Amino acid sequence: MRGGIAVVVLLAASATSAPASAEPEKPAEKCVAAADRGQLLRDEGKLRASRAELVVCGAEACPTVVRRECVRWLEDVEARIPTVVVAPRDGHGKDLAGARLVLDGEPVDPSRTGRAIPLDPGTHTVTAEMPGHEAVRETFVLRERERERVVPVVLRAPGEVVRTEKRVPALSWVLGGVAVAGGVGFGVFWAKGMDQVGDLRATCSPYCTQEQIDEVRPSLTIARVSGAIGIGAGVAAIAVYLLSSPKPVRTGAALTPNGVAVSF
13 MRGGIAVVVL
23 LAASATSAPA
33 SAEPEKPAEK
43 CVAAADRGQL
53 LRDEGKLRAS
63 RAELVVCGAE
73 ACPTVVRREC
83 VRWLEDVEAR
93 IPTVVVAPRD
103 GHGKDLAGAR
113 LVLDGEPVDP
123 SRTGRAIPLD
133 PGTHTVTAEM
143 PGHEAVRETF
153 VLRERERERV
163 VPVVLRAPGE
173 VVRTEKRVPA
183 LSWVLGGVAV
193 AGGVGFGVFW
203 AKGMDQVGDL
213 RATCSPYCTQ
223 EQIDEVRPSL
233 TIARVSGAIG
243 IGAGVAAIAV
253 YLLSSPKPVR
263 TGAALTPNGV
273 AVSF
């Protein structure tokens with residue numbers, strides 16, 4: 013489609029102009045050039061620059077054929093532009109309102125902190141600085157149509173360290189409880205069943221009736237099922253624990269009057 017508008021507009025201009033040597037109207041040339049640049053920039057992934065060009069060729073002063081296409085392209089580009097929200101925080105997860113942010117080498121106006129910032133899709137870098145904290149640099153990738161992507165930037169105090177701690181997940185506790193219950197159920201019903209088997213051996217073996225034997229089977233069946241459930245739950249609890257990721261635990265630091273860092 014790119015270039016087609018230019019031909020249509022120039023043909024229309026030549027048809028309405030008097031002498032063949034007359035130059036096309038300057039506004040039409042400007043609109044066509046903006047339309048071409050807007051498409052080119054869009055295809056290169058430079059969506060913000062493309063939007064600026066498409067706004068120009070979508071103005072009322074442009075020829076109808078150009079304006080109609082530019083408005084359509086502009087809607088598509090607007091929907092494709094991703095936005096990011098940079099969230100500076102300290103080592104304890106608290107917001108840092110006074111942090112100085114630099115996004116892709118350009119300082120971020122403090123009034124934009126916490127607000128969605130439109131960017132082109134691709135790789136970006138944000139740097140954060142704040143007195144009393146160590147500067148940090150983060151790199152992230154934005155995708156087309158990704159809106160309000162939150163990028164947390166953690167600024168730590170001097171001497172603050174991060175250690176990991178593996179805790180038992182809640183699911184492991186639940187499965188462990190099921191395993192214990194299954195083990196208890198197995199013990200209780202197996203003992204009951206074996207007592208019934210002992211009674212049969214003492215009273216009627218080897219001439220016990222089928223009805224007498226059937227009275228023993230439910231306890232042993234329940235015991236086997238409980239045992240199987242207990243073993244399965246126990247294995248699952250261990251697997252969940254082993255597959256869980258360690259959680260970061262931050263240790264704070266403060267400076268004494270002598271300038272010595274003290275962790276806490």
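Take the sequence shown: its position 201, counted from the start at 1, is 213 in our numbering, and no numbers get skipped. All C-beta atoms in this analysis are idealised placements derived from N, C-alpha and C, irrespective of residue type, glycine included. Because the structure is a prediction, the values reported are computed rather than measured.
Rounded straight-line distance, which links the Cα of residue j to that of residue i
i: Leu167; j: Gly117; result: 18 Å
i: Phe152; j: Thr137; result: 6 Å
i: Asp121; j: Val98; result: 12 Å
i: His104; j: Pro170; result: 14 Å
i: Ala249; j: Arg54; result: 52 Å
i: Ala71; j: Ala61; result: 16 Å
i: Glu124; j: Val192; result: Per the sequence shown, residue 124 should be read as Arg rather than Glu. Rounded to whole angstroms, Arg124 to Val192 spans 55 Å at the Cα level.
i: Leu115; j: Val162; result: 14 Å
Residue environment, residue i, which counts as buried when at least 16 other CB atoms sit within 10 Å
i: Asp207; result: exposed
i: Cys216; result: exposed
i: Ala111; result: buried
i: Ala147; result: exposed
i: Ala251; result: exposed
i: Gln51; result: buried
i: Ser257; result: exposed
i: Pro39; result: exposed
i: Asp102; result: buried
C-beta contact flag for residue i and residue j at 8 Å
i: Gly205; j: Gly239; result: no
i: Pro100; j: Ala128; result: no
i: Asp132; j: Gly57; result: yes
i: Val68; j: Ala46; result: yes
Coarse secondary structure for residue i, derived from DSSP in three states
i: Glu146; result: coil
i: Ala140; result: strand
i: Arg229; result: helix
i: Ala99; result: strand
i: Ile129; result: strand
i: Gly134; result: strand
i: Arg112; result: strand
Selection from the options that minimises the alpha carbon distance to residue i
i: Ile93; options: Gly134, Arg49, Glu223; result: Gly134
i: Asp226; options: Val237, Gly199, Leu212; result: Leu212
i: Val89; options: Val200, Glu41, Arg63; result: Arg63
i: Thr95; options: Val165, Val237, Glu158, Gly126; result: Glu158
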